[in-house]
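Step one of this worksheet: look at the structure below.
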Amino acid sequence: MMQTQVAIVGGGLTGLALAHQLQRAGVAFELFEACDRFGGRIKAFESAQGRVDLGPSWFWPGQPRIAALIDTLGLAKFAQYDQGALSFEDVSGSVQRGMGYASMSGSWRLEGSLVALIDALVSRLPPDRLHLRAEVAQIARSDAGVQITLAGGQSCSADQVVLAVPPRIAQALPIAPALTPAQLSALDAIPTWMAGHAKFVAVYDRAFWRDEGLSGDAMSRRGPLMEIHDASGRSGQPAALFGFFGLDARTRHAQQITLPQAALDQLARFFGPRALSPLAHYLQDWAREPLTARPRDIDPLRAHPDYGLPAVLAGLWEGRLQFASSETAPEMGGYMEGALAAAERVAAKVQSTYLPGSK
Ligand SMILES: Cc1cc2nc3c(=O)[nH]c(=O)nc-3n(C[C@H](O)[C@H](O)[C@H](O)COP(=O)(O)OP(=O)(O)OC[C@H]3O[C@@H](n4cnc5c(N)ncnc54)[C@H](O)[C@@H]3O)c2cc1C
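Each residue of the sequence shown is one higher than the one before, counting from 1473 in this note's numbering.
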């Protein structure tokens, strides 16, 4: 049986950033990730030409934690491509060009995709403390602290446990003694940011739309994509476009066989026939990822929710059971910056337990 000070459930940005901070503070941890990769909602399509983001693409000025982390890790950012005109498609499929400028101008991207951030964090952590394909199946309070049981049967005893998973995923975890109805409904009430969305990416030999003075940005009232952006790498390679679907998850799932071709047909309406022949394309439907989305998440969110950790979820089991994930951050909750803020909050709490005087 494993034994540690802090058991971290979830190897997305929150869990890994927390592990990074605990490592630097000299606090022992074990991190359990259910999937066969780290990163959670940070994921990329690995094309032969390079990685293209399938989860988050951007971070923004005024987000100090992500800027500092990228610096610390020696990674390079670049500006979202914003030269040229935006295109617009009305409900009938008629396309007009020159309808304004790139809508995400001023946003930052990460060289090598945001997975480079995950890889850099993982490379700085001791491999024997990080467990992939390690789905946490039960969390139980014990006399000495907490007991974590994995789906494969292995267990880990820890002083405390941090659930670095979206609140609705935490709500579905078997926890003993059971959370109160008020705690369970507080978790269930927090929607997982972007969990109901899907992205389509298409990789080309070159960013041919740029040659025609197009930014790659497009808005559509017809669909199936409602918003398209240039997703190319810094030097234009890999050359790629991505789009968010305007269809809700139920409609997407009913049309899943025809959807990629419909998306390519739409790219051709915007950018010409070359768009019909990508080197590769990929559809990432986050509503189909059981480690991200719960059935309630497939209903689209109308606005960015007010995030933060409800008081009823703070200080459980005398501080031995803590909730993290981006959605628990009161500022920038839902975003990567929120994930780092959540990790920072929990790391400070953990350190105040182990390092007296550091409160
Ligand atoms: C399509 C899309 C676009 C986005 N765009 C942006 C953007 O442009 N900018 C931005 O800042 N943010 C964006 N986001 C949000 C951003 O991805 C999240 O804020 C961030 O990745 C959340 O990290 P997290 O670690 O809190 O949660 P997650 O990434 O959800 O990580 C949770 C981890 O827990 C694991 N897990 C779940 N259950 C268990 C279990 N029982 N046992 C062990 N492990 C488990 C999961 O596999 C996952 O790895 C976007 C998200 C999506 C999906």
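Think of the CB as a built atom: it goes at the ideal place given N, C-alpha and C, for glycine as much as any other residue.
Taking all protein chains shown into account, decide if residue i is buried (16 or more other Cβ within 10 angstroms of its Cβ) or exposed.
{"i": "A1726", "result": "exposed"}
{"i": "G1688", "result": "buried"}
{"i": "S1830", "result": "Low confidence applies to S1830: its pLDDT is 45, below 50, so where it sits in the model is not reliable enough to give any reading."}
{"i": "E1803", "result": "exposed"}
{"i": "G1578", "result": "exposed"}
{"i": "P1750", "result": "buried"}
{"i": "S1704", "result": "buried"}
{"i": "V1563", "result": "exposed"}
{"i": "F1531", "result": "buried"}
{"i": "D1615", "result": "exposed"}
{"i": "R1722", "result": "exposed"}
{"i": "G1456", "result": "The structure shown has nothing for residue 1456, since the chain only spans 1473 to 1831."}
{"i": "A1491", "result": "buried"}
{"i": "T1544", "result": "exposed"}
{"i": "S1559", "result": "buried"}
{"i": "A1775", "result": "exposed"}
{"i": "A1648", "result": "exposed"}
{"i": "A1786", "result": "exposed"}
{"i": "A1654", "result": "exposed"}
{"i": "A1820", "result": "exposed"}
Since residue i and residue j should fall inside the 8 Å C-beta cutoff, what is the C-beta to C-beta distance between them, to a whole number of angstroms?
{"i": "G1511", "j": "V1587", "result": "6 Å"}
{"i": "L1763", "j": "V1594", "result": "With a Cβ gap of about 18 Å, L1763 and V1594 do not count as contacting."}
{"i": "K1515", "j": "Q1756", "result": "7 Å"}
{"i": "G1810", "j": "S1798", "result": "4 Å"}
{"i": "F1832", "j": "F1672", "result": "Given a span of 1473 to 1831 for the chain in the structure shown, any question on residue 1832 remains unanswerable."}
{"i": "L1812", "j": "I1538", "result": "6 Å"}
{"i": "V1608", "j": "L1645", "result": "7 Å"}
{"i": "Q1535", "j": "S1629", "result": "Their Cβ separation, rounded to whole angstroms, is 37 Å, which puts Q1535 and S1629 out of contact at 8 Å."}
For residue i, which option in the options has the closest C-alpha, if you only look at C-alpha atoms?
{"i": "E1692", "options": "A1703, P1536, L1739, S1707", "result": "A small fix is needed here, since residue 1692 is Ser in this sequence, not Glu. Cα-wise, what sits closest to S1692 is L1739."}
{"i": "G1527", "options": "M1473, Q1521, L1589", "result": "L1589"}
{"i": "A1650", "options": "E1583, R1706, W1789, V1637", "result": "W1789"}
{"i": "T1621", "options": "R1640, V1481, F1560", "result": "V1481"}
{"i": "A1690", "options": "P1533, P1639, E1518, G1565", "result": "G1565"}
{"i": "Q1794", "options": "Q1632, S1707, R1706", "result": "Q1632"}
{"i": "L1635", "options": "G1625, T1652, S1627, Q1610", "result": "Q1610"}
{"i": "A1557", "options": "T1800, R1569, P1745", "result": "R1569"}
{"i": "E1518", "options": "L1494, A1670, A1712", "result": "A1712"}
{"i": "P1638", "options": "G1805, E1561, K1671, G1685", "result": "G1805"}
{"i": "Q1552", "options": "S1575, P1536, G1546", "result": "S1575"}
{"i": "E1502", "options": "Q1619, A1765, R1766, P1732", "result": "Q1619"}
Could you check whether the Cβ of residue i sits closer than 9 Å to any Cβ belonging to chain B?
{"i": "A1609", "result": "In the structure shown, chain B does not exist; there is a single protein chain."}
**OP:** Let me know the alpha helix (DSSP H) ranges lying completely inside the segment 1611-1696, each 4 residues or longer, listed in chain order.
**Re:** 1639-1643, 1653-1660, 1680-1683
Original post:
What are the start and end residues of each continuous alpha helix (DSSP H) run of 4 or more residues lying completely inside the segment 1535-1601, in chain order?
Top reply: 1536-1544, 1587-1595
Original post:
At which residue ranges does the segment 1695-1726 contain complete beta strand (DSSP E) runs of 3 or more residues, listed in the order of the chain?
Top reply: 1697-1702, 1711-1717
Subject >> Every unbroken beta strand (DSSP E) inside the segment 1473-1545 [3 residues or more] >> reply: 1474-1481, 1501-1504, 1516-1519, 1522-1525
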